[in-house]
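Asker: When we follow this note's numbering, the leftmost residue of the sequence shown carries the number 146, and every step to the right adds one.
Quick one: structure below, then a few questions.
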Amino acid sequence: SAPLQAVEAEPPADPGERLGYYDGYWHNDSFDIDPENGLTDAEIEAIVARAMARVQLIRGLRFEEDVEVQLVTRETFREEYGGITVGNASGPRWTLDNAQHEALFLVGPDEDVVEIRRGNRGDNVLGFYRPSAGDIVLVSEAVPATLSDEFTLAHELHHALQDQRFGLDGLEGGTLDGTSARNGLVEGDALVVQQRYEQRCESGEWQCVGVEGASGGGSLGEDFHFGVYYVGFFPYAEGPSFVRYHEARQGWGAVDAMYDDVPTTSAEVVHPSTYSTEAYGNATVEDRNAASWDRVAVDGGASHATVGQAGLASMFAYTLNDEYDTERSVVNRSAFYNTENGRLNPRRPFTYDVQYAEGWYGDRLHAYRRGDETAYVWNVTFNDRENASEFRRGHEQILEYWNGQRQTTGNGVVWTFETGPFDGAVWVRHDGRSITVVKAPSVEALDAVYAPAPKP
């Protein structure tokens, strides 16, 4: 086996070969290491250097500097890093974030989507890379902390490589849809590398360190929120196929170039051939609010929300899991779940190409405040009338699922919610390619949010 200190041999002269070599270690070196009872600093350094050589070889890019990797126990993670993997939103940004998830019937007006995300992450974080510090923290279920396998390490090392070569801090998504799209590239790229790393370990081509039978991540808590989870999981489900599509046609160079022109809509990730085309555009919302309602404006950020195809698909898929009415899900399980032999496909468990979100062109949501009350106006626009009609039918089923009571008016349909987890009034109007959804605390308040609204 290879020694744990750097080998004496000089680095290879050929630059192409050097991709499989890092800091004294080759990608195909074998180590006599038993991680069962923890790892020494020297062992961690050797495993990390070999993993960096492997990531370089798979991805065809060289690291520019070393990456510090820290192993911590689950308890240490909770105490020191508990909030780091979920962003903290407050004020107008939080109001807008909550409003868009309320429009998707994922959270109610009295719930906090940031707290739901934090609860979802709970004990399921396996590791993370911090662009600000350039380091990696891996979370171990064992005491002392050790490596259950090299796969999370490979994934996070690739994030470090992306950051060193392309700069992850500068790739801000803006809206929820923009973030889903941007992360589709970032996480898709990392997952393709991780999956190829796993294949070489499993085939025996590479000797890989790990604890036999160990599995990372805790169980889902009883308050786990599948709807919010589906929104956040989008990049991991659809990103790899997006990256593979472009790599297969134009090589890794085409993927590299995307970091200067990141996808801007989740629909581009779902439909890779539409990347960087004119297939998508902007939906419009005109502010018609009375003076008693203030438009929510975010300083230094987008003052509107866009949920995208990923958000729409999550809205429909949530009815598969929510306990409110499990017998009346709006989509079939096979429409969202990818199963093999009765189990979810681990590489692509979900597909966000559900029929009611098909033909998405753009969407835009404005949120409004009156004291501690919130309201929103949301326009969803499709490529054609047929797709808009299909979405309207699906959206009506969502409203019915959550126990909305329908009242037809001259210029749309008003739904009220008196029982169930949601409340207030929703006015829906279909106009050609667009659906406009207005939500207010009551039917009487609809007109003050978006005039002229139907009168009670």
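No residue lacks a Cβ here, since even glycine has one placed at the ideal position from N, Cα and C.
Only a predicted model underlies this, so the values are computations on that prediction, with no experimental measurement involved.
(1) So what does DSSP say about Ala447, is it helix, strand or coil?
(2) So, Tyr506 versus Gly577, is the Cβ gap smaller than 8 Å?
(3) Please work out which residues of its chain come closer than 7 Å, Cβ to Cβ, to Val588, disregarding the five sequence neighbours upstream and downstream, and give them in chain order.
(4) Using CA coordinates, which residue listed in Gly355, Asp592, Leu302 and Glu350 is at the minimum distance from Glu332?
(5) Taking one C-beta from the segment 536-548 and one from the segment 511-521 each time, how about it: are there three or more such pairs within less than 8 Å?
(6) Using the rule of at least 16 other Cβ atoms within 10 Å of the residue's Cβ for burial, across every protein chain shown, is Ala585 buried or exposed?
(7) Between the segment 381-391 and the segment 313-332, do three or more beta carbon pairs fall short of 8 Å?
(8) Below 8 Å, can you find three or more Cβ-Cβ pairs linking the segment 430-450 to the segment 396-412?
(9) Can you give the beta carbon distance from Val214 to Val200, rounded, assuming they're within the 8 Å contact cut?
(10) Where are the alpha helix (DSSP H) runs, 4 residues long or more, that stay fully inside the segment 396-432, in chain order?
(11) For Arg551, count neighbouring C-beta atoms within 10 Å of its own C-beta (all shown protein chains included) and say buried if the count is 16 or more, exposed if not.
(12) In the DSSP assignment, find the beta strand (DSSP E) that holds Thr221 and state where it starts and stops.
(13) From Thr484 to Pro494, what does the alpha carbon distance come to, in whole angstroms?
(14) How would you call Pro289, buried or exposed, if buried means at least 16 neighbouring beta carbons within 10 angstroms?
(15) Count the other CB atoms, across all protein chains shown, that sit within 10 Å of the CB of Glu247; report buried if there are 16 or more and exposed otherwise.
(16) Does the beta-carbon distance from Arg207 to Gly377 come in below 8 Å?
(17) What are the boundary residues of the alpha helix (DSSP H) that Asp529 is part of?
(18) Taking the continuous alpha helix (DSSP H) assigned at His304, which residues delimit it?
(19) DSSP three-state label for Ala520, please.
(20) Here's a check: name, in chain order, each residue in its chain whose Cβ is nearer than 7 Å to the Cβ of Glu210, leaving out the five neighbours to either side.
(21) In angstroms with no decimal places, state the Cα-to-Cα distance between Val582 and Val452.
(22) Between the C-alpha atoms of Thr240 and Val356, what's the straight-line distance to the nearest angstrom?
(23) Go through the segment 451-481 residue by residue and report every complete run of the beta strand (DSSP E) that reaches 3 residues or more, in order.
(24) Ignoring anything shorter than 4 residues or poking outside the segment 224-292, list the alpha helix (DSSP H) runs there in chain order.
(25) Could you give the distance in angstroms between the alpha-carbon of His416 and the alpha-carbon of Ala462?
(26) In the structure shown, what three-state DSSP assignment does Ala596 receive?
(27) Under 8 Å, do Asn528 and Arg509 count as touching if we go by C-beta distance?
(28) Which of helix, strand or coil does DSSP assign to His172?
(29) How big is the Cα-Cα spacing for Val522 and Val430?
(30) What does a CB cutoff of less than 7 Å around Val282 pick up in its chain, not counting 5 residues either side in sequence?
(31) Where Phe371 and Gly267 are concerned, what is the direct C-alpha to C-alpha distance, given to the nearest angstrom?
(32) CB-CB under 8 Å to His300, same chain, minus the five flanking residues each way: which ones, in chain order?
(33) Would you kindly work out how many angstroms separate the C-alpha atoms of Gly312 and Tyr167, rounded to a whole number?
(34) Run through DSSP, which three-state label would Asp322 get?
(35) For Gln215, write down the residues that DSSP places opposite it in a beta bridge.
(36) Please report the straight-line C-alpha distance between Trp171 and Ala412, rounded to a whole angstrom.
Answerer: Per the coordinate set shown:
(1) As a working mapping, residue 447 is identified with position 302 in the sequence shown. Residue state, collapsed to three classes: coil.
(2) The residue labelled residue 506 in the question sits at position 361 within the sequence shown. The residue labelled residue 577 in the question sits at position 432 within the sequence shown. Their beta carbons are not under 8 Å apart, which means Tyr506 does not touch Gly577 by this criterion.
(3) If you number the sequence shown from 1, residue 588 lands on position 443. Around Val588: Val559, Thr561, Ala570 and Pro601.
(4) The sequence position of residue 332 within the sequence shown is 187, counting from 1. Out of Gly355, Asp592, Leu302 and Glu350, Leu302 has the C-alpha closest to the C-alpha of Glu332.
(5) no
(6) Start at 1 with the first residue of the sequence shown, and residue 585 comes out as number 440. Label assigned to Ala585: buried.
(7) yes
(8) no
(9) Within the sequence shown, numbered from 1, the residue matching residue 214 stands at position 69. Within the sequence shown, numbered from 1, the residue matching residue 200 stands at position 55. Not quite, the Cβ-Cβ distance comes to about 12 Å (not below 8 Å), so this is no contact.
(10) 397-403 and 411-415
(11) To locate residue 551, count along the sequence shown from 1; it is residue 406. So Arg551 counts as exposed.
(12) Translated into positions along the sequence shown, residue 221 becomes position 76. From DSSP, Thr221 is part of no beta strand (DSSP E) but of the alpha helix (DSSP H) over Arg219 to Tyr226.
(13) Within the sequence shown, the letter at position 339 stands for residue 484. Within the sequence shown, the letter at position 349 stands for residue 494. Taking the straight line from one Cα to the other gives about 7 Å.
(14) The count along the sequence shown starts at 1 and reaches residue 289 at position 144. Exposed, because fewer than 16 other Cβ atoms sit within 10 Å of the Cβ of Pro289.
(15) What you label residue 247 is simply residue 102 of the sequence shown in a count that begins at 1. Buried is the call here.
(16) Residue numbering aside, residue 207 sits at position 62 when the sequence shown is read from its first letter. Residue numbering aside, residue 377 sits at position 232 when the sequence shown is read from its first letter. Contact: no.
(17) The residue you call residue 529 lines up with position 384 of the sequence shown. Here Asp529 belongs to no alpha helix (DSSP H), and DSSP marks it neither H nor E.
(18) Position 159 of the sequence shown, counted from the first residue, corresponds to residue 304. Taken as a continuous stretch (DSSP letters only), the alpha helix (DSSP H) holding His304 covers Phe296 to Phe311.
(19) What you label residue 520 is simply residue 375 of the sequence shown in a count that begins at 1. It is a strand residue.
(20) Taking the sequence shown and counting its residues from 1, one reaches residue 210 at position 65. Hits under 7 Å: Gln309.
(21) Here residue 582 is taken as the residue at index 437 of the sequence shown, counted from 1. Here residue 452 is taken as the residue at index 307 of the sequence shown, counted from 1. Whole-angstrom Cα-Cα distance: 14 Å.
(22) Counting from one through the sequence shown, the residue named residue 240 turns up at place 95. Counting from one through the sequence shown, the residue named residue 356 turns up at place 211. Near 44 Å, if we compare the C-alpha coordinates of Val356 and Thr240.
(23) none
(24) 236-248 and 258-266
(25) In the sequence shown, the residue the question calls residue 416 occupies position 271. In the sequence shown, the residue the question calls residue 462 occupies position 317. Those two C-alpha atoms are separated by around 19 Å.
(26) On the sequence shown, position 451 is the one that residue 596 refers to. Correct three-state label for Ala596: coil.
(27) Residue mapping note: residue 528 aligns to position 383 of the sequence shown, counting from 1. Residue mapping note: residue 509 aligns to position 364 of the sequence shown, counting from 1. Not a contact, by the Cβ cut-off of 8 Å.
(28) Locating residue 172 in the sequence shown gives position 27, counting from the first residue. His172 falls in the coil class under three-state DSSP.
(29) Residue 522 sits at position 377 when you count from the first residue of the sequence shown. Residue 430 sits at position 285 when you count from the first residue of the sequence shown. Cα-Cα distance, rounded: 7 Å.
(30) As a working mapping, residue 282 is identified with position 137 in the sequence shown. Once the five neighbours on either side are set aside, the close Cβ partners of Val282 are Gln215, Val217, Tyr226, Gly272 and Phe273.
(31) Position 226 of the sequence shown holds residue 371. Position 122 of the sequence shown holds residue 267. So the alpha carbons of these two residues sit roughly 14 Å apart.
(32) The residue labelled residue 300 in the question sits at position 155 within the sequence shown. The residues are Gly272, Ala335, Leu336, Val338 and Gln339.
(33) Translated into positions along the sequence shown, residue 312 becomes position 167. Translated into positions along the sequence shown, residue 167 becomes position 22. Cα to Cα, the separation comes out at about 21 Å.
(34) Counting from one through the sequence shown, the residue named residue 322 turns up at place 177. Here Asp322 sits in helix by DSSP.
(35) As a first step, residue 215 must be located in the sequence shown, where it is residue number 70. Answer is Val282.
(36) Locating residue 171 in the sequence shown gives position 26, counting from the first residue. Locating residue 412 in the sequence shown gives position 267, counting from the first residue. So the two alpha carbons sit approximately 40 Å from each other.
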